[in-house]
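Peer 1: Residues 11 to 279 (our numbering) are what the sequence shown spells out, left to right. Virtual Cβ for every residue (Gly too), placed ideally from N, Cα, C. Source: prediction; values computed, not measured.
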Amino acid sequence: MKQTVAPIAQGEHPMSDVSADKPHSATAFWPTVFWKRPSAQTALAASAILAGGLIAGGYLLGDGLTRARAADRSVTVRGLAEKDVMADLATWTIAYSASAGDMASAQASVDRDTAAIRAFFDELGFPDQALQPTGVNVSSFMQDGVPVFTVRQRMTLRSTDIVRAQRAVRRQFDLVRRGVLLEEGSGMAYTFTKLNDIKPEMVAAATRDARAAAEQFAKDSATGVGGIKQATQGYFEITGRDGDGGGWGVADTPFKQVRVVTTIDFYLT
């Protein structure tokens with residue numbers, strides 16, 4: 011059999027392949043671009059979400075700290091409220107005694123003093139029930155071999171008629187002239203019993219006074235005054251309006267002054 015062989019062109023190697031001279035594709039030797047890979051895209055998306063979360067969290071944290079610092083700005087001040095009032099209850103405890111060599115004589119002397127005291131208040135217009143005995147005490151001792159008996163008694167006047175009570179105090183020496191020996195502790199006491207009626211308005215007044223002080227602080231620091239952060243109410247104090255007080259030798263006064271001090275923390279805005 012005769013085999014026909016194609017002629018070989020000049021310059022052509024008999025074993026060469028035309029495909030060997032063609033340039034190879036880039037994809038044949040280089041991997042797929044990184045960001046086009048599915049796994050890489052997932053990682054990038056997760057990183058972007060994480061970065062965004064960190065940025066947002068940092069902003070919110072910073073804003074929260076700023077607000078917290080602003081909310082913590084406050085000023086502590088005190089507010090004072092005072093009110094003059096008239097006592098509405100008068101109480102006069104009268105202590106007196108008598109001594110004698112026998113019990114009957116001492117008791118008889120005390121009975122006479124009791125009658126003189128009742129007549130005194132009756133003349134001033136007080137009702138009988140306004141004056142009541144509140145205690146009695148009997149003691150004895152030996153003096154030069156002779157027994158001595160002492161009877162002590164207390165009577166208490168209780169009245170809401172302050173004007174009449176003042177009149178009685180001014181005339182108390184009439185009792186001494188009638189032979190009643192007043193012992194230590196005998197004195198009129200005036201009391202204001204309607205504190206609960208004026209508490210709300212006094213607390214409000216003390217709060218206004220405290221806010222005025224806070225506003226002055228705020229003005230000096232170029233800020234404003236917000237709501238109340240915390241408040242503490244002090245004790246209500248009732249004293250003599252003119253500094254008078256009760257006690258032996260010192261007459262109490264029906265003219266009273268009520269005083270309260272509050273401590274308040276105001277927010278600064």
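1. In the region 147-186, which residue ranges form an unbroken alpha helix (DSSP H) of at least 4 residues, counting only runs that do not cross its ends?
2. When you compare only the Cα positions, how much space is there between Leu7 and Arg251?
3. With Val235 and Glu225 assumed to form a contact (beta carbons below 8 Å), what rounded beta-carbon distance in angstroms separates them?
4. Within its chain, find whatever has a CB closer than 6 Å to the CB of Arg269; leave out the 5 residues flanking it on each side and keep chain order.
5. For Thr272, count neighbouring Cβ atoms within 10 angstroms of its own Cβ and tell me buried if that reaches 16, exposed if not.
6. Closer than 6 Å by C-beta to Ala178: which residues in its own chain qualify, once you throw out the five before and the five after it? Chain order, please.
7. Is Pro143 helix, strand or coil when you go by DSSP?
8. Could you give the C-beta distance for Val95 and Lys239, rounded to a whole number, given that I count them as a contact under 8 Å?
9. Nearest CA to the CA of Gln182: which residue from Met113, Phe276, Ala126, Gly244?
10. So Ala175 packs on Ala100, CB below 8 Å; how close in whole Å?
11. Can the beta-carbon of Leu278 be found less than 9 Å from the beta-carbon of Thr217?
12. Return the Cβ separation of Ala108 and Ala114 in integer angstroms, given the expectation that the two are a contact with Cβ distance under 8 Å.
13. Where do the ends of the alpha helix (DSSP H) carrying Asp287 lie?
14. Please check if any C-beta of chain C sits within less than 9 Å of the C-beta of Glu133.
15. Excluding the five sequence neighbours on either side, which residues of its own chain have a C-beta within less than 8 Å of the C-beta of Gly111, listed in chain order?
16. Exposed or buried, Asp300, counting other C-beta atoms within 10 Å across all chains shown (16 or more means buried)?
17. Just confirm the distance between the C-beta atoms of Gly237 and Thr103, as a whole number of angstroms; I'd bet it's less than 8 Å.
18. Under a three-way DSSP split, which group does Val85 fall into?
Peer 2: The structure says:
1. 172-180
2. Limits of the chain in this structure are 11 at one end and 279 at the other, which puts residue 7 out of reach.
3. Here residue 235 refers to the residue found at position 225 of the sequence shown. Here residue 225 refers to the residue found at position 215 of the sequence shown. Confirmed, about 5 Å.
4. Taking the sequence shown and counting its residues from 1, the one referred to as residue 269 is at position 259. Counting only Cβ-Cβ distances below 6 Å, and skipping sequence neighbours, we find Glu92, Glu247.
5. Position 262 of the sequence shown, counted from the first residue, corresponds to residue 272. Buried, because 16 or more other Cβ atoms sit within 10 Å of the Cβ of Thr272.
6. Translated into the one-based positions of the sequence shown, residue 178 becomes position 168. The answer, listed in chain order, is Leu134.
7. As a working note, residue 143 is residue 133 in the sequence shown. Strand, per DSSP.
8. Working through the sequence shown from its first residue, we reach residue 95 at position 85. Working through the sequence shown from its first residue, we reach residue 239 at position 229. At roughly 32 Å, the Cβ-Cβ gap does not stay under 8 Å, so Val95 and Lys239 are not in contact.
9. In the sequence shown, the residue the question calls residue 182 occupies position 172. Measuring from the Cα of Gln182, the nearest candidate turns out to be Ala126.
10. Counting from one through the sequence shown, the residue named residue 175 turns up at place 165. Counting from one through the sequence shown, the residue named residue 100 turns up at place 90. With a Cβ gap of about 4 Å, Ala175 and Ala100 count as contacting.
11. For this step, residue 278 is matched to residue 268 along the sequence shown. For this step, residue 217 is matched to residue 207 along the sequence shown. Result no, Cβ atoms of Leu278 and Thr217 do not sit closer than 9 Å.
12. Position 98 of the sequence shown, counting from 1, holds the residue named residue 108. Position 104 of the sequence shown, counting from 1, holds the residue named residue 114. In fact, because the Cβ distance is near 11 Å, the residues do not count as touching under 8 Å.
13. As displayed, the chain neither begins before 11 nor continues past 279, which places residue 287 out of reach and without an answer.
14. Absent from the structure: chain C. Only one protein chain is present.
15. Mapped onto the sequence shown, residue 111 falls at position 101. These residues qualify, in order along the chain: Val156, Pro157, Val158, Phe159.
16. Lying before the first or after the last residue shown, residue 300 is absent from the chain, which here runs from 11 to 279.
17. Against the sequence shown, residue 237 aligns to sequence position 227. Against the sequence shown, residue 103 aligns to sequence position 93. With 8 Å as the limit, Gly237 and Thr103 do not qualify as a contact, their Cβ atoms being about 49 Å apart.
18. Along the sequence shown, one-based indexing puts residue 85 at 75. Correct three-state label for Val85: strand.
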